[in-house]
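Below is one structure, written out as structure tokens; the observations come after it.
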Amino acid sequence: MPPAPSGLLKPANGSKHEAAAMARKHGFPKLSASSKALVLLPLLLLGFIYLFVYPKEFELQALMSSCSPPLGAYTAAPRRLAGEPPASRKPDFRLLIGVLTRADNYERRHLLRMVYGLQLAAGDLTAHVDVRFVFCRLYKDDQRVLVPLEILRHGDVIILDECEENLNGGKTYTFFSAAARLDRDEPYDYVMKADDDIFLRLPRLLESLAAMPRDDAYYGATIPCDSMDPFREYMSGMAYALSWDLVEWVATSDVPRNRTVGPEDRMTGQWLRWLRLGGKGKNRFNAKPAMYDYPLPAPVDKCSHEFVPDTIAVHRLKDNPRWAATLEYFNFTAGLEPSKFYKID
Ligand SMILES: *[C@@H]1O[C@H](CO)[C@@H](O)[C@H](O)[C@H]1NC(C)=O
Ligand SMILES: *[C@@H]1O[C@H](CO)[C@@H](O)[C@H](O)[C@H]1NC(C)=O
């Protein structure tokens, strides 16, 4: 017996009586014992779902509403579209992805919101993921109107007050410190810094992160390009994650605070190795070759190679043709239904 359509769960006022009246009028046949059982079974199941599943939903919603900044369309686990089955498991861990970008990159943010929004809406992620766009202080009048518009619509922007947009000016340090402060009440397990020219495949990233220890962890793609040793230098700035304890350490220790200016990602590696023996980030994971630069006809180094099916991330997507080639390889538009409204050859 197919499950009752969910519309029947919330009948409009009085429709129950109407249904009963209809049944009397049309004289439904008398039910045998086994068909009564068939009718009762879904009802029992519904009761079960109400008792055991919804309390969890309420818990998650309470959890959501206490988050700051306000949650936009980019929150994975607790969101559920009407008609989808209720989430059946608690997320394994919580990940914040901070996409460091510039206020003026409106078009790129539009693309990234689609790319991450589609993955989050697919409903198959095992962790809670928040994607946020991170800028330094706004410095133009048009930004002071257009960015608030995005915040109103999407609620997924973090504006750092303590930095200026210039290369190697300490934005990474400011981001991690701000994350430690803003999310203190509801910490993430990992905070990832990502560029705005990287495509992250969330299901694969989460699968890979899930196997990491939850503390003292430093995850990414090792630099130099020809090295697979995560302890040799540092993780490429394309995207790397720190466990929450390290995020707090970055926010509070003198070591990073005294060394915020310089090539951002190398600095992160240097903070962690500062104390060498007994240093930080003892749990390291190199995600290469699953994280790589966009394939070039003639690769300049070993960070770039052909697309591979188990990809976690593709970097250096500087323009729309590169994004399109990448999204096509990963079948991003495969679910598009034919329609009279468009024709795409
Ligand atoms: C950081 O700088 C302060 C002030 O210059 C100094 O007192 C402190 O020892 C430095 N700490 C580290 C870990 O370098
Ligand atoms: C994309 O879809 C094709 C056809 O179904 C399949 O052969 C291929 O493995 C898919 N690619 C990836 C990366 O999943």
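So the working numbering is basically just the index in the sequence shown, starting at one, shifted up by 150. Beta carbons are placed, not taken as given, at the ideal position from N, Cα and C, and that holds for glycine.
The set of residues with a C-beta under 7 angstroms from any non-hydrogen atom of ligand 2 comprises Pro459, Tyr479, Phe480, Asn481, Ala484, given in chain order.
Of the other Cβ atoms in all chains shown, fewer than 16 fall within 10 Å of the Cβ of Ser489; this residue is therefore exposed. For the stretch 396-424, the full-length alpha helix (DSSP H) segments reaching 4 residues or more read 404-407, 414-423 along the chain.
Within the stretch 295-342, complete beta strand (DSSP E) segments of at least 3 residues are found at 307-310, given in chain order.
With fewer than 16 neighbouring CB atoms inside 10 Å of its own CB, Lys493 falls in the exposed class. Cβ atoms of Thr276 and Pro298 stay farther apart than 8 angstroms, at about 34 angstroms.
Residue range 244-250 is occupied by the beta strand (DSSP E) that includes Arg244. Residue pairing of Val281 in beta bridges, as defined by DSSP: Ile247.
No Cβ-Cβ contact shorter than 8 angstroms links Asp311 with Arg282.
Taking 8 angstroms as the cut-off, the Cβ atoms of Ile373 and Ala463 do not count as close. By the 16-neighbour rule on beta-carbons within 10 angstroms, Glu414 is buried. Contact between the stretch 372-388 and the stretch 448-459 is present: 3 or more CB-CB pairs across the two stretches fall below 8 angstroms. Using a Cβ-Cβ distance cut-off of 8 angstroms, the stretch 404-411 and the stretch 436-448 are not in contact, since fewer than three pairs of beta carbons, one from each stretch, lie closer than that value. Spanning the alpha carbons of Met342 and Phe491 requires a straight line of approximately 39 angstroms.
In the DSSP assignment, Cys286 is bridged to Leu310. Just measuring C-alpha positions, the residue of Ala367, Met417, Thr402 sitting nearest Ser393 is Ala367.
Non-local beta-carbon contacts of Glu456 in its own chain, meaning distances under 7 angstroms to residues more than five positions away in sequence, involve Pro445 in chain order. By DSSP's assignment, Leu392 forms a beta bridge with Val341, Tyr368. Within the same chain, Met388 come within 6 angstroms of Asp345 by CB-CB distance, once the 5 residues on both sides are set aside.
Ranking Arg423, Arg354, Pro380 by CA distance to the CA of Pro459 puts Arg354 first. Non-local beta-carbon contacts of Val397 in its own chain, meaning distances under 7 angstroms to residues more than five positions away in sequence, involve Phe326, Ala329, Ala330, Val341 in chain order. Per DSSP, the continuous beta strand (DSSP E) segment holding Arg434 begins and ends at 433-436. Between the C-alpha atoms of Ser358 and Thr322 there is a straight-line separation of about 23 angstroms.
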